[in-house]
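Read in UniProt numbering, the sequence shown has 222 at position 206, and its numbers run on one by one without any break.
A virtual CB, placed ideally from N, CA and C, is assigned to each residue, including glycine.
Given the structure is predicted, the values throughout are model-derived calculations rather than measurements.
Input: a single structure, listed below in structure tokens.
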Amino acid sequence: EANMIVLGVESSCDETGLALYDTERGLLAHALHSQIAMHQEYGGVVPELASRDHIRRALPLLTEVLTKSDVDKQAIDAIAYTQGPGLAGALLVGASVACGLGMALDKPVLGVHHLEGHLLSPLLASKPPEFPFIALLVSGGHTQLMRVDGVGRYQLLGETLDDAAGEAFDKSAKLLGLSYPGGPAISRMAEFGDPAAYQFPRPMLHSKDLNFSFSGLKTAVLTVVKNHPANICEQDKANIARGFVDAIVAVLTAKCVTAMKESGLKRLVIAGGVGANLQLRASLNAAAAKKRFQVYYPELEFCTDNGAMIAFAGAMRLKNNPGLATRDYGFNV
Ligand code: KG4
Ligand code: ZN
Numbered sequence: 017e018a019n020m021i022v023l024g025v026e027s028s029c030d031e032t033g034l035a036l037y038d039t040e041r042g043l044l045a046h047a048l049h050s051q052i053a054m055h056q057e058y059g060g061v062v063p064e065l066a067s068r069d070h071i072r073r074a075l076p077l078l079t080e081v082l083t084k085s086d087v088d089k090q091a092i093d094a095i096a097y098t099q100g101p102g103l104a105g106a107l108l109v110g111a112s113v114a115c116g117l118g119m120a121l122d123k124p125v126l127g128v129h130h131l132e133g134h135l136l137s138p139l140l141a142s143k144p145p146e147f148p149f150i151a152l153l154v155s156g157g158h159t160q161l162m163r164v165d166g167v168g169r170y171q172l173l174g175e176t177l178d179d180a181a182g183e184a185f186d187k188s189a190k191l192l193g194l195s196y197p198g199g200p201a202i203s204r205m206a207e208f209g210d211p212a213a214y215q216f217p218r219p220m221l222h223s224k225d226l227n228f229s230f231s232g233l234k235t236a237v238l239t240v241v242k243n244h245p246a247n248i249c250e251q252d253k254a255n256i257a258r259g260f261v262d263a264i265v266a267v268l269t270a271k272c273v274t275a276m277k278e279s280g281l282k283r284l285v286i287a288g289g290v291g292a293n294l295q296l297r298a299s300l301n302a303a304a305a306k307k308r309f310q311v312y313y314p315e316l317e318f319c320t321d322n323g324a325m326i327a328f329a330g331a332m333r334l335k336n337n338p339g340l341a342t343r344d345y346g347f348n349v
């Protein structure tokens with residue numbers, strides 16, 4: 017069976033990512049431009065600015081991965097792009113780049129689901145998990161527990177009924193005056209907080225299902241901040257951050273433990289931006305040691321949005337079914 021080189025294009029939100037994945041040699045190169053600094057002064061992603069920046073970055077990043085990998089663009093066998101979900105204008109840029117390139121090079125294209133990219137990203141690590149496994153997908157837009165039996169064989173076990181985990185991190189951080197995206201910042205701040213200072217609710221901890229709810233936790237943080245005298249001191253901010261992080265980590269860990277127990281599987285995979293969170297990793301590692309299962313994480317750089325996961329997911333799809341890629345360049349996003 018011949019090898020295949022897949023170009024991946026990610027542009028669903030505020031990161032432009034391109035990558036080349038070879039089904040025999042693995043990841044050949046990847047390049048990323050994050051727009052975080054650009055959106056920071058607005059306190060969140062501004063869709064119009066995001067689209068414009070993807071346009072500016074996409075082709076220079078393509079040149080970068082071709083140069084880094086020393087691959088000629090004619091050697092690309094197929095192009096995978098993020099089809100959705102995401103910001104419409106931002107997605108259109110990636111789809112247009114992929115389809116335009118496909119047409120120019122006479123190569124087939126394939127739309128990839130953004131969450132499938134995240135879900136499979138831990139398989140890019142040096143010691144990838146085998147199927148089947150339970151996956152916790154925790155990003156800025158989604159929080160899901162899935163059973164994964166193979167590429168394309170996914171069963172949703174539970175999900176958030178309101179905010180996503182990353183959204184809860186970002187919104188609570190904003191309430192503490194931290195800049196966008198607040199996840200990493202509130203997590204760092206929590207390290208200096210007193211765990212006994214604030215006890216926040218642990219929503220749905222004892223619900224019998226595998227669903228989550230985080231909007232009540234965010235409201236609890238809001239209430240504390242509102243009732244606090246003006247000018248919360250740094251130590252008190254750290255205490256609130258600690259209370260928040262401990263609560264969300266406790267819920268995420270407990271639901272993973274339940275999913276492992278109910279499924280009887282021994283491998284848990286974490287994917288998505290919040291998977292970069294060190295308190296979550298420490299808590300899951302402790303639970304795994306106690307309950308005797310294995311936890312797998314993507315490389316830190318592949319937790320948040322990137323092109324490598326899209327190239328990889330596209331390559332895995334095409335390996336199983338080469339006919340999935342098309343030369344019909346009228347795309348859907
Ligand atoms: O997967 P991702 O890059 O984008 C989506 O598909 O949504 O996830 C971004 C989210 C943001 O909410 C960000 O605050 C959160 O992941 N995040 C973190 C950390 N790093 C990124 N949250 C907590 N701790 C972190 N270290
Ligand atoms: Zn994402």
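Next item on the list: Please state whether DSSP places Q171 in a helix, a strand or coil.
Entry: On the sequence shown, position 155 is the one that residue 171 refers to. Note: Q171 maps to strand in three-state DSSP.
Notebook entry, point to check: In the structure shown, what three-state DSSP assignment does R343 receive?
Noted result: As a working mapping, residue 343 is identified with position 327 in the sequence shown. It is coil, neither helix nor strand.
Check: What is the rounded straight-line gap between the Cα of F347 and the Cα of I248?
Finding: Locating residue 347 in the sequence shown gives position 331, counting from the first residue. Locating residue 248 in the sequence shown gives position 232, counting from the first residue. Straight through space, the alpha carbons of I248 and F347 are spaced by roughly 50 Å.
Notebook entry, point to check: Between the beta-carbon of V109 and the beta-carbon of S50, is there less than 9 Å?
Noted result: Counted from its first residue, the sequence shown places residue 109 at position 93. Counted from its first residue, the sequence shown places residue 50 at position 34. With contacts defined as CB atoms closer than 9 Å, V109 and S50 fail to qualify as a contacting pair.
Checklist line | Neighbourhood of T176 by C-beta distance below 6 Å, restricted to the same chain and skipping five residues each side | finding: By 1-based counting over the sequence shown, the position of residue 176 is 160. Only T159, F228 meet the Cβ criterion.
Item checked: Which listed residue (D86, S188, V164) has its alpha carbon closest to that of T239 -> On the sequence shown, position 223 is the one that residue 239 refers to. Of D86, S188, V164, the residue nearest in Cα terms is S188.
Note to self: Suppose you measure from the CA of A270 to the CA of L131; what does that come to, to the nearest Å?
What the structure shows: Position 254 of the sequence shown, counted from the start, is the residue given in the question as residue 270. Position 115 of the sequence shown, counted from the start, is the residue given in the question as residue 131. Taking the Cα positions, A270 is about 22 Å away from L131.
Margin query: Suppose contacts are defined by Cβ-Cβ distances below 9 Å. Is K307 in contact with K335 by that definition?
Written below: The count along the sequence shown starts at 1 and reaches residue 307 at position 291. The count along the sequence shown starts at 1 and reaches residue 335 at position 319. Not in contact: K307 and K335 (Cβ atoms no closer than 9 Å).
Item checked: Limits of the unbroken alpha helix (DSSP H) element including F185 -> Mapped onto the sequence shown, residue 185 falls at position 169. Note, F185: alpha helix (DSSP H), 181–191.
Notebook entry, point to check: Is DSSP giving A254 helix, strand or coil here?
Noted result: What you label residue 254 is simply residue 238 of the sequence shown in a count that begins at 1. A254: helix per DSSP, three-state reduction.
Next item on the list: Could you tell me the distance, in whole angstroms, from the CA atom of A206 to the CA atom of D225?
Entry: For this step, residue 206 is matched to residue 190 along the sequence shown. For this step, residue 225 is matched to residue 209 along the sequence shown. If you take the alpha carbons of A206 and D225, they lie about 29 Å apart.
Check: In three-state DSSP terms, what is S50?
Finding: One-based indexing of the sequence shown puts residue 50 at position 34. In this structure, S50 counts as strand in the three-state DSSP scheme.
Checklist line | Runs of alpha helix (DSSP H) wholly within the stretch 98–140 (minimum 4 residues, chain order) | finding: 104–121, 130–136
Margin query: For the pair the stretch 248–264 and the stretch 207–224, tell me if three or more CB-CB distances fall below 8 Å.
Written below: The stretch 248–264 is in contact with the stretch 207–224.
Notebook entry, point to check: From the DSSP output, which residues share a beta bridge with L161?
Noted result: Working through the sequence shown from its first residue, we reach residue 161 at position 145. In DSSP, L161 forms a bridge with L152, G174.
Margin query: Counting C-beta neighbours from all protein chains within 10 Å, is the total for A138 16 or more, i.e. buried, or is it exposed?
Written below: For the purposes of this step, residue 138 is taken as the residue at position 122 of the sequence shown. Just to set this straight, residue 138 is Pro in the shown sequence, not Ala. Under a 10 Å Cβ-count criterion, P138 is classified as buried, with 16 or more other Cβ atoms of the shown protein chains found around its own Cβ.
Next item on the list: Name all residues in chain order for which at least one heavy atom of the ligand KG4 lies closer than 5 Å to the residue's CB.
Entry: Residues flagged by the Cβ proximity filter: S155, G156, G157, G182, F185, D186, P197, G199, P200, S203, G288, G289, V290, A292, N293, T320, D321.
Notebook entry, point to check: Is it a yes or a no for the stretch 50–63 touching the stretch 109–128, going by three-plus beta-carbon pairs under 8 Å?
Noted result: The answer is no - the stretch 109–128 does not touch the stretch 50–63, with fewer than three Cβ pairs under 8 Å.
Check: Out of curiosity, what's the CA-to-CA distance linking A266 and A275?
Finding: Residue 266 sits at position 250 when you count from the first residue of the sequence shown. Residue 275 sits at position 259 when you count from the first residue of the sequence shown. Approximately 14 Å, taken between the alpha carbons.
Margin query: Can you tell me whether H134 sits near the ligand ZN, meaning its C-beta is under 8 Å from at least one heavy atom of the ligand?
Written below: Translated into positions along the sequence shown, residue 134 becomes position 118. Yes, the Cβ of H134 comes within 8 Å of a heavy atom of the ligand ZN.
Margin query: Can you tell me whether H129 sits near the ligand ZN, meaning its C-beta is under 8 Å from at least one heavy atom of the ligand?
Written below: Within the sequence shown, numbered from 1, the residue matching residue 129 stands at position 113. No - the ligand ZN has no heavy atom lying nearer than 8 Å to the Cβ of H129.
Checklist line | contact_flag[the stretch 93–100, the stretch 62–81] where n(CB pairs < 8 Å) is 3 or more | finding: No, the stretch 93–100 is not in contact with the stretch 62–81.
Next item on the list: For D179, collect the residues of the same chain with a Cβ closer than 6 Å to its Cβ; drop the 5 residues on either side in sequence, then sort them by chain order.
Entry: If you number the sequence shown from 1, residue 179 lands on position 163. Excluding positions up to five away in sequence, the list reads F230, S231.
Next item on the list: Count the other CB atoms, across all protein chains shown, that sit within 10 Å of the CB of I150; report buried if there are 16 or more and exposed otherwise.
Entry: Here residue 150 refers to the residue found at position 134 when the sequence shown is read from its first residue. Its Cβ being crowded by 16 or more others within 10 Å, I150 is buried.
Item checked: Inter-residue spacing [alpha-carbon to alpha-carbon] between L233 and T342 -> As a first step, residue 233 must be located in the sequence shown, where it is residue number 217. As a first step, residue 342 must be located in the sequence shown, where it is residue number 326. Taking the straight line joining both Cα atoms gives about 45 Å.
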